[in-house]
Each structure stands twice: as structure tokens, then as C-alpha cells.
Amino acid sequence: MKLSATDAVAAVSELIEAGYTHDFRIRDGGLVDVGDGALIDPSAVTVEAKLRYETDTDSGDASNVYVISVREGDRKGFLIDAHDLEGEGAPQALIDRIHDGPGETRSEGSEDSDLRYGVRKVRKSEFNADPERYVLRLGFPDFPPCPFGQGFSMLGYDTANQEYVWLATKIIRDDRLQRVPYNGSDEDA
């Protein structure tokens, strides 16, 4: 599959126009169709394409868009991986299919890009200067809108500026980053 898009958001728009309308996510260790909540059997999945949109050359920071069809083409859509499928608990059978699928890498930005999906981007060097300043919020109801049409499940937070930020992938993998799950209190949002 060939797409002309130079960033993940444009790729999703192009896929939807081509009939790939199902939004798939990893939830509770399984692949789920967000539209109807159906759990998808990884053995029924064909990865038609995988696109990696790198934001910073050699930084390891990228968004992956996997173009997926489910057996006999009754569901065609996309799975967006902005961090790491293995870290999100994806089924190993799905990870194997994704690794075996056709793919390509494209650059969507540069080291000078300050915004990522509408929020300020924090790079590893900025995080290293003050790692306690940033946390990873999980499931908070006040996340800004996600450009992919659903919502963020996690997002970085700058405690000094009291604002959501996009943390580079290397920060997400850093053991110093505190993870803060939403506990239902309005005080935390």
C-alpha cells in the first residue's frame, strides 16, 4: 500500500478515505476495534503496511501506523503506536505479524519541531535537566483532543508549567519517569 502522507495524522486521513475506517487499539493485552469494542483474534489479522513517521532523526521518536485487515476483509483499518506495542501489552502473535509485515520509514519533522499533536514536545535532553519535573499521566479526563479522532490514553505532564506535553519515546522508556494513573479525583485533573 502506498500513501503520500508525510505525517501520521495525514496518513490516517488518507487511510479513512481509502476505506480503512476501523480504529484498532491495544487494551488489556488484546487487539480491540474501538468502534464496537470487538476483541480481534491476532491470527485473523493481516498487516498490509506499516509506516513509521520519525520526528527526530536518530532519536528513536516516532509514530507507527499499521494498516490492518481482519480475515476476509470485513474490518479494515489502522493501529497507531506512538510509543511501543510491546510496552502496551500487545499480544505476541500480533507483534510477530507486525514485524513480518511490509513497512517503510518517513521523516515528519526535525529537531526544531516544537509541537507534536498540538502539545509542546519535550526531548530527552530537556527531561535529563530536570527529570522530576515531568510525569506520565494515565487515563486523565482532561487530556487535550487527540488528532486521530479518539483520545489519548496517556500523556506527559509538565508539573512546573502545569501543562500537557508530548514526551519523546526515550523518555517514556526511562525508569526515572513517574507514572501517575488517574484515581477519579477532580483534584488530580
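Heads up: the sequence shown begins at 248 in our numbering, then just goes up one per residue. Glycine included, C-beta positions come from ideal geometry on N, C-alpha and C. Remember, it's a predicted structure, so these values are computed and weren't measured experimentally.
- Exposed is the label assigned to S290, since fewer than 16 other Cβ atoms lie within 10 Å of its Cβ.
- Within the same chain, G365, G398 come within 8 Å of P392 by CB-CB distance, once the 5 residues on both sides are set aside.
- Inter-residue distance for D280 and L262 is about 16 Å (C-alpha atoms, whole angstroms).
- When beta bridges are read from the DSSP output, D328 appears opposite N311.
- When DSSP states are grouped into helix, strand and coil, S290 belongs to the helix group.
- Apart from the 5 residues on each side of it in sequence, L250 sits with its Cβ closer than 6 Å to the Cβ of A258, E261 in its chain, given in chain order.
- Its chain contains A258, E261 as the residues whose beta carbon lies nearer than 6 Å to that of A252, once the 5 sequence neighbours on both sides are disregarded; these appear in chain order.
- The beta carbon of V317 lies closer than 7 Å to those of I287, A291, V292 in the same chain, with the five residues before and after it left out.
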